[in-house]
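Asks: FYI, UniProt numbering numbers position 161 of the sequence shown as 161, with every residue one higher than the one before it.
Handing you this structure, nothing more for now.
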Amino acid sequence: MSHCPPLPHHRLPQVAMDSAHHHAQQLYQLSVGTFTLDLTEYTATDHHGTTVWPAGETLCHYFHTQIGPAKLKGKHILELGSGTGILAILLAKLGASVTATDMDAPIILDNIRANASRNGVRDLIQIEPHNWGCLPAPTIDPHLCGHEWDYVIAADCVYTLEPLPLLLDSIQRLAGFKTTVLIAMERRDPYVSDQCVARAKELGFDVTKIPRAKLNKQVAHESMEVFRLKKRRV
Numbered sequence: 001m002s003h004c005p006p007l008p009h010h011r012l013p014q015v016a017m018d019s020a021h022h023h024a025q026q027l028y029q030l031s032v033g034t035f036t037l038d039l040t041e042y043t044a045t046d047h048h049g050t051t052v053w054p055a056g057e058t059l060c061h062y063f064h065t066q067i068g069p070a071k072l073k074g075k076h077i078l079e080l081g082s083g084t085g086i087l088a089i090l091l092a093k094l095g096a097s098v099t100a101t102d103m104d105a106p107i108i109l110d111n112i113r114a115n116a117s118r119n120g121v122r123d124l125i126q127i128e129p130h131n132w133g134c135l136p137a138p139t140i141d142p143h144l145c146g147h148e149w150d151y152v153i154a155a156d157c158v159y160t161l162e163p164l165p166l167l168l169d170s171i172q173r174l175a176g177f178k179t180t181v182l183i184a185m186e187r188r189d190p191y192v193s194d195q196c197v198a199r200a201k202e203l204g205f206d207v208t209k210i211p212r213a214k215l216n217k218q219v220a221h222e223s224m225e226v227f228r229l230k231k232r233r234v
């Protein structure tokens, strides 16, 4: 008799109330290779960033299997829209120097800190607020922080057209010519996804779609897309 492989992720049934933020929370587990990540999600917060989304899981598996710890060790990685911190935590465990950013909302930033602590990497991740389209703080500005970013990454940040120009503005400000930008998203609205690619090209990026063969099929369903952006020299 054949057996299906276990799912690499699952939500635990226990739901509790968080006294600090007054929202229901539950534990989410993700297995990536030999790593098991335990994360707290919040429900009914009106913030997308308090939930684990498939694009974050997809990039976790992509970095683990397609790039690997040997090539990530010591790399400077900036994440935009870190949400629960799932991707930043995995990258820190793989040896990267990670800065996780999200909107300046206490429930999101506090949850990233708590999840990083839960997974033993709080001291390895710098956590900063950054609202897309705003001038970056000196701690993440590549002209002021002392290094160029090796990677700028965004997972499940593209939902509608409205925030898209702001996200791409931040990416353009933060990415250098040597930076690899990775954007992972579900193709919920084909027009929005196509506009993301078109506007990135207008801003001077070469855009390549990562082949589905390089994505983990258990988490990256048919509508998942991952794009690699590199800034063109003019």
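All C-beta atoms, glycine included, are put in the ideal place defined by N, C-alpha and C.
To which residues of the same chain is F177 closer than 7 Å at the C-beta, ignoring the five residues directly before and after it?
Replies: Mapped onto the sequence shown, residue 177 falls at position 177. Hits under 7 Å: K231, R233.
Asks: Quick one: Cα of E128 to Cα of K214, how far?
Replies: For the purposes of this step, residue 128 is identified with residue 128 of the sequence shown, where counting begins at 1. For the purposes of this step, residue 214 is identified with residue 214 of the sequence shown, where counting begins at 1. Rounded to the nearest angstrom, the two C-alpha atoms are 31 Å apart.
Asks: Tell me, which residues are paired with F63 by DSSP?
Replies: Position 63 of the sequence shown, counted from the start, is the residue given in the question as residue 63. Paired residue(s): none; F63 is not in a bridge.
Asks: In the DSSP output, which residue or residues are listed as bridge partners for R228?
Replies: Locating residue 228 in the sequence shown gives position 228, where the first residue counts as 1. Answer by DSSP bridge pairing, in chain order: L182, T208.
Asks: Is the stretch 109-127 close to the stretch 151-169, with three or more CB pairs under 8 Å?
Replies: Contact between the stretch 109-127 and the stretch 151-169 is absent, because fewer than three Cβ pairs lie under 8 Å.
Asks: For H130 versus T84, is the C-beta spacing smaller than 9 Å?
Replies: Numbered from 1 along the sequence shown, position 130 holds the residue referred to as residue 130. Numbered from 1 along the sequence shown, position 84 holds the residue referred to as residue 84. No; because the gap between Cβ atoms is not below 9 Å, this pair is not in contact.
Asks: Consult DSSP for S97 and reduce its assignment to one of helix, strand or coil.
Replies: Numbered from its first residue, the sequence shown carries residue 97 at position 97. If DSSP states are grouped into helix, strand and coil, S97 belongs with the strands.
Asks: Going by the beta-carbon positions, is the gap between R228 and V207 smaller than 9 Å?
Replies: As a first step, residue 228 is located in the sequence shown; it is residue number 228 there, counting from the start. As a first step, residue 207 is located in the sequence shown; it is residue number 207 there, counting from the start. Yes. Within cutoff.
Asks: Measuring straight from C-alpha to C-alpha, what distance separates E222 and D189?
Replies: Within the sequence shown, residue 222 is the residue found at index 222, counting from 1. Within the sequence shown, residue 189 is the residue found at index 189, counting from 1. Going by the C-alpha atoms only, they are around 14 Å apart.
Asks: Could you tell me whether the Cβ atoms of Y42 and I107 are closer together than 9 Å?
Replies: Reading the sequence shown from its first residue, position 42 is the one you call residue 42. Reading the sequence shown from its first residue, position 107 is the one you call residue 107. Yes, these two residues count as a Cβ contact at 9 Å.
Asks: Would P54 pass as a contact of D156 if the rule is Cβ separation under 9 Å?
Replies: Along the sequence shown, read from residue 1 onward, the residue named residue 54 stands at position 54. Along the sequence shown, read from residue 1 onward, the residue named residue 156 stands at position 156. Cβ atoms of P54 and D156: closer than 9 Å.
Asks: Should D150 and H64 be called a contact, given that it needs their Cβ atoms to be closer than 9 Å?
Replies: Numbered from 1 along the sequence shown, position 150 holds the residue referred to as residue 150. Numbered from 1 along the sequence shown, position 64 holds the residue referred to as residue 64. Cβ distance not < 9 Å, so D150 and H64 don't count as in contact.
Asks: Taking Cβ positions, are I183 and A200 nearer each other than 9 Å?
Replies: Here the question's residue 183 lines up with position 183 in the sequence shown. Here the question's residue 200 lines up with position 200 in the sequence shown. Cβ distance < 9 Å, so I183 and A200 count as in contact.
Asks: Taking 9 Å as the cut-off, decide whether the C-beta atoms of L80 and L164 are in contact.
Replies: Position 80 of the sequence shown holds residue 80. Position 164 of the sequence shown holds residue 164. Contact: no.
Asks: Assuming contact is defined by CB atoms lying nearer than 9 Å, are I67 and L37 in contact in what I supplied?
Replies: Position 67 of the sequence shown, counting from 1, holds the residue named residue 67. Position 37 of the sequence shown, counting from 1, holds the residue named residue 37. Contact flag unset, no.
Asks: Roughly how many whole angstroms lie between the Cα atoms of S31 and G120?
Replies: On the sequence shown, residue 31 is found 31 positions in, with the first residue counted as 1. On the sequence shown, residue 120 is found 120 positions in, with the first residue counted as 1. Straight-line Cα distance between these residues: approximately 16 Å.
Asks: Cα separation between A154 and A92?
Replies: If you number the sequence shown from 1, residue 154 lands on position 154. If you number the sequence shown from 1, residue 92 lands on position 92. If you take the alpha carbons of A154 and A92, they lie about 16 Å apart.
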